[in-house]
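Protein sequences appear in the order of chains Y and B.
In the numbering used here, each number is its position in the first sequence, counted from 1, plus 444.
In the numbering used here, each number is its position in the second sequence, counted from 1, plus 444.
Number of protein chains: 2
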Amino acid sequence: MSDTFITPEALLEHWQGHRRLTRRVIEAFPDDKLFTFSVGSMRPFGALALEMLSIALPMVRGIVDDEWDTSFSREERSKSEILRLWDDATQQMNATWPKVPRGRFQQTMKAFGQYEGKVHDLVLYAIDNEIHHRGQGYVYLRALGIEPPPFYERI
Amino acid sequence: MSDTFITPEALLEHWQGHRRLTRRVIEAFPDDKLFTFSVGSMRPFGALALEMLSIALPMVRGIVDDEWDTSFSREERSKSEILRLWDDATQQMNATWPKVPRGRFQQTMKAFGQYEGKVHDLVLYAIDNEIHHRGQGYVYLRALGIEPPPFYERI
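Here is the structure:
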């Protein structure tokens, strides 16, 4: 067996650390800016947060049972409702992750019926997409004159 | 032994995929904007690219021999010189990575004499920092009216 870079347990903790930071970025936006403000005609941060929610838990469930749920609605919601959905997803991800079949991360699956790849790459794509869009959110906050939460803090 | 999320070999390939994308983002900036343009008083993308160079190869070398090189100069350079340094780092990272001692990624080290953590977290921090700042670069490009390279393309 090849050497391990990171175990599934540590990877989930790494992801949840990112999700705690992203939660603070959502919180940092004024309610009235979450779906109205952006830079360079890009999507506002509320839309990006909903995209993250449409991917994270459905991704974890999908790699467990190969059922890909695309029903999450991206319609606008209040900040408090988004945070509630965020916390709900956090708990369900933690409950579902241990059910990932052993060896699954090295297998190939087609996520959401269209993105085929090694399962570890599919999961990393979900995390990377969150980091990428959150970096975008940092610029929006700075442009609004708001100090974003520190990038290194994941607790 | 615990199950594997991803092997060291696959993780390096994942990182180099990100570095190929970041290279395209550097290339997409007009020469005269690389160190002059930003949004919200943040650092220009050239400074962020130099930060990435100051971390990536020194991180890989550090986890091999616990010698942490902080000598990389962040002084302004031309775009072609940054791309040359980038390609040089790519080759040296590929050559150095196989020398990481077996089991190292689960050990604890103090990167650059100050950031203590599990080695897998130190490496992921380097990658995540690159994704984060590159996301910032996407906003700068859009604000300049330039279409950034597709996020999903890593070849």
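Where is the CB? At the ideal position from N, CA and C, for every residue including glycine.
What you are looking at is a predicted structure, and each value in this text was computed from that prediction instead of being measured.
(request) Identify the contact partners of Ser515/B in chain Y, using a Cβ-Cβ distance below 8 Å as the criterion. (result) Result: empty, since nearest Cβ-Cβ is about 23 Å, beyond 8 Å.
(message) Only counting the same chain, and skipping five residues up and downstream in sequence, which positions put a Cβ closer than 6 Å to that of Met496/Y?
(response) Glu574
(message) Between Val469/B and chain Y, is the shortest Cβ-Cβ distance under 8 Å, so that the two count as touching?
(response) no
(message) For Tyr596/Y, count the other beta carbons within 10 Å of its own beta carbon; 16 or more makes it buried, fewer makes it exposed. Which is it?
(response) exposed
(request) Flag Asp509/B as yes if its beta-carbon sits less than 8 Å from any beta-carbon of chain Y, otherwise no. (result) no
(message) What residue range does the beta strand (DSSP E) around Lys562/Y cover?
(response) 559-562
(request) Decide if Pro592/B is buried, meaning its Cβ has at least 16 other Cβ atoms within 10 Å, or exposed. (result) buried
(request) In the DSSP assignment, find the beta strand (DSSP E) that holds Lys554/Y and state where it starts and stops. (result) 552-555
(request) Please classify Ile526/Y: is it buried, with 16 or more other beta-carbons within 10 angstroms of its beta-carbon, or exposed? (result) buried
(message) Measuring only the C-alpha atoms, how far is Gly547/Y from Ile450/B?
(response) 10 Å
(request) Report yes if the C-beta distance between Val483/Y and Val483/B is below 8 Å; otherwise report no. (result) yes
(request) Tell me, please, which residues DSSP counts as bridged to Ile450/Y. (result) Ile450/B
(message) Using a Cβ-Cβ cutoff of less than 7 Å, which residues in the same chain neighbour Arg467/Y once the five nearest sequence positions on both sides are dropped?
(response) Leu527, Trp530
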